[in-house]
Structure formats: C-alpha cells, structure tokens
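Only one structure is covered here, and it is reproduced in the block below.
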Amino acid sequence: MIKTALLLLAALVVPAAALAQVPQQETLEIGTSTNQIAITSDFSGADLTVFGAINDADPMLLSKGAYDIVVILEGPKAEADVRRKERVFGIWVNRETVTFEHVPRSYSISSTRPLDEVTTPQALNSAGIGVSHLRISPVGYFGDASDVATFREAMLRLNATEALYDSEPDGVSFVSNSLFRASLRLSVNIPQGTHTVRAYLFKNGRQIATETLPLKVVKTGLEARLTVAAHEYPLFYGLGAVAIALFSGWFASVIFRKS
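Residues -20 to -1, 1 to 239 (mature numbering (1 follows the signal peptide of the UniProt record, and there is no 0)) make up the sequence shown, in order.
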C-alpha cells in the first residue's frame, strides 16, 4: 500500500518538476507616441515613436545581444501601375504597363541592426519583412519574368525617391534590459487611411513573436473638407471649381485692363 502511494506521488512530482523547468516563451508589448497623425496645410512629415518591452526575456541572452527587434509602419494597400516609356519619333510614350496588387502605399521599417544580420533572406521572404521582400505580385501579366523584376524594382525605387518607402537599419535601440524604442519617419506624402504598426521579435535569428497596432492618418482643416466634397459631392465640387476658375479669370482680366 505504502509502495503504491509512493509511486503515485512520484508520478505527480516528476511531471510538475519537468513543467517547472520549461522556460516561458517571450512575448512583445508595444505602444505608440500617438494613435492618429493629422495632416494639415503645413504638414511636412513627422516622426513616430514606438515603445515596447520583451516579456520573459532571458537576461543572459539580453546581455549577449541575442534579441533583435524589427518595427514596421505599413500603409494601406492598393494596386499600382508601373509604365515603361520609350522615345518614338522624339516623343516619350508609354509602351508597356505592369499592374501590381497588394502594394503598400507607404512603408517605413526600423531595426536593431541591418536585416541581413537579423535573420536569413529565406525568413525575411517568408514573413515579408523589408522593402526587398514585400509580397507583391503582378496582375494578369504573361510576359518575361525578368521584365516583372525590372518593373518591380522601378516601382520600389520610385516610392523610395518620393520618401514613401524608408529604411533605418539602426532605428531601434534598447533603453534598458528589455525595453526598446523605435523611430519611424513619416513622409510628407504619407497617404490617408489606417496604417499598421507591426513589431517582430527575433531570438538568435529566429522569429518568435509579433505584435500589431493600428495608426490612423487623417486630413484636417480645409484639406479635409475639400477631400470630402470631392468624393461625396463630385458634381457640386466640379461646379464650384469651374466657378472659381471663371471668377479668377474675370478678376485677373479686370486688374490687367485697369493697369
């Protein structure tokens, strides 16, 4: 009887001890300096600060720099047309067009170090992390695959030129053992809509956690009212624009006539 009781007690103690030795999985928590960006007439871009913490982090791995953070601000997605122009009889004309789908209209990324030092290209491709690894594909294109790559690179280059796509390989820093801060630059051309803040946690090159938050970008003031009028009352907006143009032309003719 006593022997049976001891065996039962051992059966209960061993699994409990084994569970106690299993380390808890690290998780992420993030927050932003604001949950809304207002675009006014004098908007010239902005900086978004993302704060975060690694929960249940291993102190030894922290001291060795085994943890990496990647933070992304991704804008609303839409289709994008990329056109190839050629000179014909001295005139530049559009010769070929490729349409890509699911293209972020803006994309800013910051990380603790360059992405190729954080993890492998295969992992970046799988998660769609980084401008070069965005999951965008052509719609209804049956031409040469090398041409698709050329059009894709041209689109990414154009967005980078317009400051819509931005990368900061050292834009994330640890402010204490497990607390971090990321800075993301917002372009003056940032589109309206709901953007997504997404943070990734890597440990020894392996992605182990992710966290997301929404960020709204809205127009305010006169620009907002004009945008609403153009979309909800296009007829009246058009008539108003024509009336203003006619009045401006008449007023200018009166001024020049008097002078």
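By construction, the Cβ of each residue, glycine as well, lies at the ideal position given by its N, Cα and C atoms.
Of the choices the options, whose alpha-carbon is the least far from that of residue i?
i           : options                           : result
Glu6        : Ile188, Phe23, Ser233 and Thr130  : Ile188
Lys196      : Gly55, Leu114, Gly45 and Ala46    : Gly55
Glu148      : Leu41, Thr192, Ala33 and Val50    : Val50
Ile52       : Thr176, Gln4 and Ser117           : Thr176
Ser156      : Ile10, Ser13 and Ile34            : Ile34
Ile17       : Phe154, Glu59, Arg165 and Leu114  : Arg165
Thr192      : Thr130, Thr174, Val78 and Gly185  : Thr174
Asp36       : Thr20, Ser158 and Leu138          : Ser158
Ile19       : Pro171, Ala140 and Glu9           : Pro171
Ser153      : Asn15, Thr29, Ser13 and Phe23     : Thr29
Pro194      : Thr141, Arg186 and Arg178         : Arg178
Asp96       : Tyr87, Asp124, His113 and Arg137  : His113
Asp146      : Tyr87, Pro101 and Tyr180          : Tyr87
Thr12       : Gly185, Arg137, Arg64 and Asp27   : Asp27
Lys44       : Asn184, Ser233 and Lys57          : Asn184
Thr100      : Ile10, Arg186 and Asp38           : Arg186
Tyr180      : Ala134, Ala103, Met135 and Ser126 : Ala103
residue 256 : Ala46, Ser21 and Asp38            : An answer regarding residue 256 cannot be provided, because it is not within the stretch -20 to 239 covered by the chain.
Lys65       : Val198, Ala134 and Asn169         : Ala134
Asp38       : Ser126, Leu136, Gln4 and Val198   : Gln4
Asn169      : Val68, Asp124, Ser21 and Thr14    : Ser21
So, residue i versus residue j, is the Cβ gap smaller than 8 Å?
i      : j      : result
Ser167 : Gly25  : yes
Ile48  : Ser91  : In the sequence under discussion, the amino acid at residue 48 is Asp, which differs from the Ile named in the question. Contact: yes.
Glu81  : Ile109 : no
Val98  : Phe31  : no
Phe131 : Val62  : yes
Val119 : Glu59  : yes
Thr190 : Leu8   : yes
Applying the 10 Å Cβ sphere with the 16-neighbour rule, what's the burial state of residue i?
i           : result
Thr200      : exposed
Val222      : exposed
Phe160      : buried
Gly229      : exposed
Met40       : exposed
Ile89       : buried
residue 320 : This structure cannot speak to residue 320, because the chain is shown only from -20 to 239.
Asn139      : buried
Gly151      : buried
Val78       : buried
Ala225      : exposed
Ile71       : exposed
Arg85       : buried
Ser233      : exposed
Ala(-4)     : The predicted model places Ala(-4) with a pLDDT of 46, which falls under 50 and marks its position as unreliable, so this point remains unresolved.
If I'm right that residue i touches residue j with Cβ under 8 Å, what's the distance once you round it to whole angstroms?
i      : j      : result
Tyr121 : Val128 : 6 Å
Can you name the residues that DSSP bridges to residue i?
i      : result
Tyr145 : Tyr87
Asn35  : Thr7
His175 : Leu195
Phe160 : Gly32 and Phe154
Pro94  : In DSSP, Pro94 forms no bridge with anything.
Glu54  : Tyr87 and Thr176
Val68  : Ile71
Arg186 : Lys183
Arg165 : Asp27
Thr79  : Asp61
Asp22  : Partner(s): none; Asp22 has no beta bridge.
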